[in-house]
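Here the structure comes first, spelled out in C-alpha cells, and everything after it is commentary.
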Amino acid sequence: MKRDHASPPVGADQVLPLVSWGAPGAASALVLVLVVVACADVCAIDVAIGALSDGLIAAAWVLAAAMLAAPLIPRSTASPLPAALRFTSAAALGLGLFALWALGLGLAGWLNRLTALVPPASGLAVGLARMLRRGDINARLDGSVAGLARRLARPAGVFWLVLAAAPFAAVALAGVSIMPGYLWKPFDPHPYDVMAYHLQIPREWYESGRITPLLHNVYCFFPFHMEMHYLLAMHLRGGPWAGMYLAQWLSFAHMILAVTAVYALTTEIVARTSPPHPRGPLVAAVSAASVPWLAMLGSVAYVESALLLYATLALAWAIRGLNTASLRCFAAGGAMAGLACGTKYTAAPTVLVLIPLGILLWRLAARIAHAVSRRPDAPSLHHDWAGMRLPAALGVWLLVGLALFAPWLARNAVWTGNPVFPLAMRLLGRAHFDQVQMERFERAHSAPADCTSVSARLAAFMRRVVLDWQYGYALLPIAAAAAILGRRTLWMPLLTLLICLEIAFWLFFTHLEPRFAVLIVPLAAAIVGAAVHQRPLFAAVAALFIAIAGLSCLLPRFMPLARRAQQGLYRLDDPAALTPEIARIQTPDVRLAHIGGCQPFFDTVPASRLRYRTIFDIRFPPGKSVLDAWLGRDLAELARDHIVVIHPGEIKRLSQTYWQVPPLPHDWRRQLRTVYGDIPPVYAGDDDSPVIYAPLK
C-alpha cells in the first residue's frame with residue numbers, strides 16, 4: 008500500500024476533535040452567528056433568509072465563474088500551483104468574463120434574464136465536462152471527501168487564528184442584509200454614492216434594456232466591472248430592488264475572495280521557505296480581514312472589493328512569475344491588472360503600471376547592491392531572468408492588461424471621443440462638458456487647497472490613513488516594523504517599494520480621500536505575514552493585536568447603525584416606504600424631479616419619468632436661478648406635471664463644497680410662491696429639510 012509522504016493521513020483517533028483542523032472552522036461559524044445575533048437581534052432571521060437566498064446565489068455565481076475560467080489558469084511545471092491561488096484566480100477571471108459579457112450584450116441591447124444566465128450556466132457546463140473527462144466522478148468525489156476528512160482531522164495549530172477574523176465577517180454579513188442607502192452614513196463608504204450611481208446607473212440600464220450614455224449622470228462613463236454584476240443581479244432577480252441585496256452579496260463575495268487572495272499572495276512570497284507552512288499566509292489574511300475598511304466596503308455595493316481582489320492577484324502572479332521564470336504567469340498577472348482597471352480608473356496607474364515599474368526599480372537596485380556587496384549567499388531570482396527576458400515579460404503584462412481594459416476604453420471612445428472620460432479632459436477632450444463643468448470635476452478630484460504642500464500632504468496621510476480608525480491603527484505601524492525586521496529577505500524590498508509607490512500616488516495624484524489608499528492593505532498584510540512566517544510567537548501576537556485593534560474600532564461604529572436598522576431596514580424591499588410623503592401623492596403616470604438631491608435609487612418611479620442630475624452635470628447659465636438651472640428646465644415648467652422635491656440642505660452643502668455652484672438665494676421661497684401660488688407643499692420641515700410639491704395639473 009502506497010503512503011503519501013507529503014501529506015500523511017492522520018486519523019481522528021490520533022487528534023482530539025477540539026484541536027483538529029475542523030475545530031477552528033466550527034468555532035468561527037459559532038462566533039459569526041453570535042455576532043450577527045448581537046448586531047441584528049430579532050432581525051437575525053432576515054440575515055439568515057438573505058444568506059439562504061441571495062447568499063447561496065452569490066456562492067453559486069462565484070463557483071460557476073471559477074469553473075468557467077479554470078481551464079485558462081496557467082499550469083506551472085516548476086512547482087505545483089497552490090490551491091488558494093488557483094481557485095481565487097479562476098473565480099476572479101471568471102467574474103471578469105461575466106462582467107465583459109454583460110457589457111457587450113448590454114451595449115447591443117440583448118441583455119435580459121435569459122442571457123444573464125448564460126455565463127453561470129456555461130461555467131457549470133464547463134465544470135461538469137471537465138469532471139466527466141477526468142473519469143469516474145464517484146471515485147473522484149470519494150477521494151475528495153476522504154481527503155477533506157483527513158485534513159479536518161489534522162492538528163489545528165495556527166488555523167485557530169481564523170477565529171480572529173470571524174467578527175469582521177459577521178459585521179459584513181449583517182451589513183449586506185440592510186437596505187442600501189443606510190450603511191455607513193455618516194462615514195465613508197457613504198450611501199450617497201450607492202444611491203447616486205453604483206446601483207442607480209445599472210437600474211436605469213435595466214429599465215431601458217440597453218447600456219447607453221446618461222448625460223445627467225457622469226459616473227456612467229466610469230469603468231463598471233462591479234456594476235455589471237449589479238446589473239446582472241437585477242436581471243436575475245427580476246428588478247432593481249429585488250436584486251439590490253444580491254448586489255451587496257456579490258460585493259461581499261468579492262471581498263472574501265480578496266482576503267483569500269492575500270493568503271495566496273503571501274504563499275508565493277514565502278514559497279522558498281522550507282518546510283512550507285501556512286503560518287505567514289494565514290497571518291496576512293487575518294491581518295487584512297481585520298482592517299475595518301474591508302468589512303465596511305464588503306457590505307455595500309461599492310467597487311473596492313473587486314479592486315482589492317484583482318490588484319492582489321496581479322501581484323501574486325507577478326511574484327510567481329519571478330519565482331518560476333514563466334511568461335504565462337506574467338500574462339495571468341496582466342489579466343488581473345486589466346480587470347482591476349475595469350473596476351476603477353485608479354487601477355491603471357496603481358496596478359497596471361506601478362507593479363511592473365516597481366519590479367524594474369527593485370531589480371535595478373538589487374543588481375547594484377549585489378555588485379557592491381558581492382555576497383554569494385544573497386537571495387536571487389531564477390537564473391532565467393537574465394538579459395532582456397524580464398522586460399519582455401513585463402511587456403506581456405502590459406499588453407494583456409490593456410487588452411482586458413480595452414472594452415471600457417472603446418466604449419468611452421465611441422460615446423465621447425475620450426477613452427478615459429471624464430479624466431484627461433484637457434488632453435483628450437471634454438465631450439459634452441463645458442469649461443466650468445470640467446474645472447469643477449478636476450478641482451473636486453484634486454487635493455484640497457490646504458494640502459498642496461508636501462508637508463501638508465504627508466500630514467494628511469498620517470491623519471487620514473495611519474491614524475484613521477478605518478485602517479485599524481495597528482496594521483500599518485506593525486507592517487513598518489515588519490519591513491525593517493525582514494529587510495534582508497528576497498521579497499521584502501519589493502513589497503516595501505510597492506507600498507511606497509502606492510503611498511506616493513495617493514499623496515500626489517488623488518484628492519486625499521482615505522478610501523483611495525486601500526490598496527496598501529494587502530501589501531501591508533503580506534509584509535506582516537512574510538516577516539513573522541518563521542516566528543510562531545510573533546505571528547500569533549501580531550495577528551491577534553491587529554484583530555483586536557480593528558474590532559475595537561469597527562464594532563462601536565457598527566452597533567448603533569445595526570440597532571437603528573432594526574426599525575424595518577433589514578431586507579426592506581420597497582424603498583418607497585422610506586419616503587411616504589412622495590408615495591402618498593404618487594400616481595401610475597407620475598413624474599418626479601429632484602432639485603439638489605441625487606439619490607434617485609430611493610425612488611420607484613420609472614427612470615424614464617425621473618429627473619435628477621449629479622453635481623458635475625449641472626450648468627448654471629447667467630441670469631438663471633438655481634431652481635431653474637438645476638435640471639435644465641424652469642421650475643414653472645416642471646411644476647405642471649412633476650412632483651418637485653427641493654433639497655435646500657443639500658444645495659447648501661454642494662455650494663460650499665464644489666466650485667461655482669451657487670447657493671439658493673435668500674428669497675428662494677418667494678420663487679416657490681410665484682410658481683405655486685397659495686398651494687402649500689405636501690411636506691416642508693425645517694430650513695434644510697426637503698420641500699415637496701405635488702404637480703399643478
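Residue numbers (the numbering used here): 8 to 704.
Note that the Cβ used here is the ideal one computed from N, Cα and C, for glycine as well.
Remember, predicted model here, so these are calculated numbers, not experimental data.
A straight line joining the alpha-carbon of Ala268 with that of Ala173 spans about 17 Å. Here the C-alpha atom of Leu346 lies approximately 20 Å from the C-alpha atom of Arg82. His518 sits exposed, since fewer than 16 C-beta atoms from the chains shown fall within 10 Å of its C-beta.
In the DSSP assignment, Ile527 falls within the alpha helix (DSSP H) that extends over 527-538.
Ranking Ala45, Leu37, Ala30, Ala36 by CA distance to the CA of Gln573 puts Ala45 first. Linking Leu289 to Ile56 through their CA atoms gives a straight-line distance of about 30 Å. Taking a C-beta distance under 8 Å as the contact criterion, Ser306 and Ala265 do not qualify as a contact pair. Distance from the CA of Ala614 to the CA of Ser35, rounded to the nearest whole angstrom, comes to 43 Å. By the Cβ neighbour-count rule, Asp694 is exposed, with fewer than 16 other Cβ atoms within 10 Å of its own. Note that the C-beta distance between Leu314 and Pro529 is not below 8 Å.
In the structure shown, the three-state DSSP call for Ala547 is helix. With a cutoff of 8 Å on beta-carbon distance, Leu526 and Thr357 are scored as near each other. The DSSP-derived three-state label of Tyr204 is helix. Contact between the stretch 65-75 and the stretch 93-105 is present: 3 or more CB-CB pairs across the two stretches fall below 8 Å. Distance from the CA atom of Ala128 to the CA atom of Leu121, rounded to whole angstroms, is 10 Å. Around the C-beta of Met343, 16 or more other C-beta atoms lie within 10 Å, and the residue is accordingly described as buried. In this structure, Ile650 is the residue among Ile650, Trp666, Ala511, Leu508 with its C-alpha nearest to the C-alpha of Leu617. With 16 or more other CB atoms across the displayed protein chains lying within 10 angstroms of its CB, Met241 is buried.
With respect to the C-alpha of Arg447, the residue from Leu114, Ala376, Gln663, Leu301 having the closest C-alpha is Gln663. By the criterion of at least three beta-carbon pairs nearer than 8 Å, the stretch 270-286 is not in contact with the stretch 507-516. In the structure shown, Ile650 falls within a strand segment according to DSSP collapsed to helix, strand and coil.
By the Cβ test, the stretch 640-648 is in contact with the stretch 678-687, since at least three Cβ pairs between them sit closer than 8 Å. Pro587 counts as exposed, since fewer than 16 other C-beta atoms from the protein chains shown sit within 10 angstroms of its C-beta. Less than 8 Å separates the beta-carbon of Val668 from that of Ile622. Rounded to whole angstroms, the gap between the alpha carbons of Gln255 and Ala420 is 30 Å. A distance below 8 Å separates the beta carbons of Leu257 and Trp68. DSSP lists Tyr577 as the bridge partner or partners of Ile185. Within the same chain, and ignoring the five residues on either side of Val133 in sequence, the residues whose Cβ sits closer than 8 Å to its Cβ are Met74, Leu75, Ala77, Pro78. A straight-line Cα-Cα distance of about 24 Å links Cys458 and Ala487. Residues Ala163, Phe166, Trp167, Val169, Leu170 of the same chain have their beta carbon placed closer than 7 Å to that of Pro31, with the five preceding and five following residues left out of the count.
Between Ala463 and Ile534, the gap from beta carbon to beta carbon reaches 8 Å or more. Non-local C-beta neighbours of Ile80 in its own chain, meaning closer than 8 Å and more than five positions away in sequence, comprise Leu88, Arg93, Ser96, Ala97, Leu100, Ala339, ordered along the chain. Going by C-alpha positions, Arg542 is about 28 Å away from Leu39. Non-local beta-carbon contacts of Ala550 in its own chain, meaning distances under 7 Å to residues more than five positions away in sequence, involve Leu168, Ala171, Val290, Val293, Ser294 in chain order. For the options Val698, Leu107, Pro220, the alpha carbon positioned closest to that of Ala438 is the one of Pro220.
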